[in-house]
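Everything on this sheet refers to the single structure shown next.
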C-alpha cells in the first residue's frame, strides 16, 4: 500500500499543475524610443518639431504657438521647459509652444511614459497627448486622439485621461474620459502613461490605472488605434475647457517641465 501511494504522489502533483502556464512568462517592457533631455539648448530637431499659429486650434484657445523660440521652449538642467508667456504676437496676447514628433517618430501600441511637473494657474491647459499620423488625410476626430494627461488650472487636484474617436468625442459628448486625483501636481514630478495593446488602452498616474478603454471590435469609428500616432506636448491658454472658469492674468510666465519621454514595446 505504501508503495502504491509513493508511486501515485508524483502523478498527483503533476496533475495539479499546468505545464503550459510555466512556459507563459509575462512579457517585459523593452525601451524602444526615448528623450531624456540630457543636454542644453533647443529641443533635439531629430526628435521634435512644432505646431505653430494662433487660430484657436478648434478650441478657441488664446495663445500663439511659436516655432523654436527660446522664450517658449528650452532644454536645461535635465528637463524640457515649455513656457507660456504674456506677449503679443499676430493679434494674440499670449505665446506658448506645442512640440510634436510628427514626421520624426510614430508609435503603435506599447507603453508611453512621461515624467512631468505641471504649471499652476486658472486658465492654463497643459497637456501630454497623441494624434493619429493620418490627421492630414482623414482629419479629426476620425484620426483618433489619446489624451495621456490633461490638466486645467481651475481644478487643481485632478488630471484627465481621455480617448476621442469619430464615435466617441467631446463635440457630441461621448468622449471616453475619467479623472484621477493628483497630489501636488505643481511642486512634484509625476509619471503619466498609457499601456496600449490591440485590445485595450489603460491610462495610468504614477503606475496606477485610472481609466480603461477596451476595443469593442466594432469599426474604425470606435477604435482607430491600430495605426501610428505621434506625441504632442503643450500648454494652451484659455480655450473651451482650459478657460471655462476664466483666466488669471497673474499666472504668467507659466512652465511645464518634462523630465523624460519613454516608449516601450512588449511585442
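Residue numbers (the working numbering): 3 to 269. C-beta: ideal position from N, C-alpha, C; glycine also. Note that the structure is a prediction, hence the values are computed from the model and not measured.
How would you label residue 216, buried or exposed, when you count the other beta carbons within 10 angstroms and need 16 or more for buried? Along the chain shown, read from residue 1 onward, the residue named residue 216 stands at position 214. The residue is exposed, with fewer than 16 neighbouring Cβ atoms inside 10 Å.
What residue range does the alpha helix (DSSP H) around residue 139 cover? Residue mapping note: residue 139 aligns to position 137 of the chain shown, counting from 1. From DSSP, the alpha helix (DSSP H) with residue 139 extends over 137-140.
So is residue 213 buried or exposed if we call it buried at 16+ other beta carbons inside 10 Å? For the purposes of this step, residue 213 is taken as residue 211 along the chain shown, with counting starting at 1. Counting Cβ neighbours within 10 Å, residue 213 comes out buried, since at least 16 surround it.
Can you say whether residue 151 is buried or exposed, counting buried as having 16 or more other CB atoms within 10 angstroms of its CB? Your numbering for residue 151 matches position 149 in the chain shown. Flag for residue 151 reads buried.
Quick one: grab the DSSP three-state call for residue 236. Reading the chain shown from its first residue, position 234 is the one you call residue 236. Of the three classes helix, strand and coil, the one that applies to residue 236 here is strand, per DSSP.
Across which residues does DSSP place residue 151 in a beta bridge pair? The sequence position of residue 151 within the chain shown is 149, counting from 1. Per DSSP, 130.
Residue 47 and residue 74 - do their beta-carbons sit closer together than 9 Å? Start at 1 with the first residue of the chain shown, and residue 74 comes out as number 72. Start at 1 with the first residue of the chain shown, and residue 47 comes out as number 45. No.
Comparing C-alpha positions only, which one of 45, 115, 92 sits nearest to residue 100? Start at 1 with the first residue of the chain shown, and residue 100 comes out as number 98. Of 45, 115, 92, the residue nearest in Cα terms is 45.
The stretch 148-166 contacting the stretch 227-247, beta-carbon criterion three pairs below 8 Å: The count of Cβ pairs closer than 8 Å, one atom from the stretch 148-166 and one from the stretch 227-247, reaches three, so the stretches are in contact.
Rounded to whole angstroms, what's the CA-CA distance from residue 82 to residue 129? Just pull it up for me. Here residue 82 refers to the residue found at position 80 when the chain shown is read from its first residue. Here residue 129 refers to the residue found at position 127 when the chain shown is read from its first residue. About 14 Å.
Is there contact between the stretch 101-115 and the stretch 239-248, where contact requires at least three CB pairs shorter than 8 Å? Contact between the stretch 101-115 and the stretch 239-248 is absent, because fewer than three Cβ pairs lie under 8 Å.
Give the range of the beta strand (DSSP E) segment to which residue 115 is assigned. Taking the first residue of the chain shown as position 1, residue 115 is located at position 113. Looking at the DSSP string, the run of the beta strand (DSSP E) that includes residue 115 is 112-119.
If you run the structure through DSSP and keep just helix, strand and coil, what is residue 193? Residue numbering aside, residue 193 sits at position 191 when the chain shown is read from its first letter. Strand at residue 193.
So, helix, strand or coil for residue 37, using DSSP? If you number the chain shown from 1, residue 37 lands on position 35. Three-state result, residue 37: strand.
Evaluate residue 92 with the Cβ neighbour count: other Cβ atoms within 10 Å of its Cβ, from every protein chain shown; 16 or more gives buried, anything less gives exposed. Indexing the chain shown from 1 puts residue 92 at position 90. Around the beta carbon of residue 92, fewer than 16 other beta carbons lie within 10 angstroms, which makes this residue exposed.
Would residue 118 and residue 233 be called neighbours here (beta carbons separated by less than 9 Å)? In the chain shown, residue 118 corresponds to position 116, counting from 1. In the chain shown, residue 233 corresponds to position 231, counting from 1. Going by C-beta atoms, residue 118 is not nearer than 9 Å to residue 233.
Can you have a look at residue 39 and say buried or exposed, based on whether 16 or more other CB atoms are within 10 angstroms of its CB? Counting from 1 along the chain shown, the entry for residue 39 is found at position 37. It is buried - the Cβ of residue 39 has at least 16 other Cβ atoms within 10 Å.
Bridge partner(s) assigned by DSSP for residue 206: Along the chain shown, read from residue 1 onward, the residue named residue 206 stands at position 204. Per the DSSP secondary-structure output, residue 206 pairs in a beta bridge with 195, 211.
Considering only residues of the same chain and omitting the five flanking positions on each side of residue 56, which have a CB-CB separation below 6 Å? If you number the chain shown from 1, residue 56 lands on position 54. Correct list, in chain order: 66, 92, 94.
Three-state secondary structure (DSSP) at residue 252? Start at 1 with the first residue of the chain shown, and residue 252 comes out as number 250. Shown here, residue 252 sits in a helix according to DSSP, grouped into three states.
Just the Cα atoms here: how many angstroms apart are residue 268 and residue 201? Here residue 268 corresponds to residue number 266 of the chain shown, with the count starting at 1. Here residue 201 corresponds to residue number 199 of the chain shown, with the count starting at 1. Roughly 14 Å separates the two Cα atoms.
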